[in-house]
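Numbering (our numbering), first residue to last: 949 to 1039.
Worksheet: one structure, shown below.
What follows is the structure, encoded as structure tokens:
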């Protein structure tokens, strides 16, 4: 999940993933150097659930390069792109 200044909505998105029935997944959150609470929220999920991974870009690399970063640093052959406003059902 590439994100940039998404603190207002990212927590709900990550909560929905953490509480879904399917638990065999990995979520890579790539913060694009936001200075708001986006990074702190990503680090909280990373600390409490091994499915979540957080990386903060040292400088803003723009959306397309951040998307490429996520794609390049995900080992799975299958990917589901989620944005900060994508919520998952618990079933």
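Beta carbons: idealized from backbone N, C-alpha and C, even for Gly.
Keep in mind it's a predicted model, so treat the numbers as computed, not measured.
Restricted to the region 980-1006, the beta strand (DSSP E) segments that are unbroken, complete and at least 3 residues in length are 1000-1004, listed in chain order.
Taking C-beta separations shorter than 6 Å and ignoring five residues to either side along the sequence, the partners of residue 952 in its chain run 980 and 982, following chain order. Per DSSP, the continuous alpha helix (DSSP H) segment holding residue 1013 begins and ends at 1011-1020. Looking at the backbone, the Cα of residue 1004 and that of residue 965 are separated by about 20 Å.
Under the three-state reduction of DSSP, residue 1024 is assigned to coil, being neither helix nor strand.
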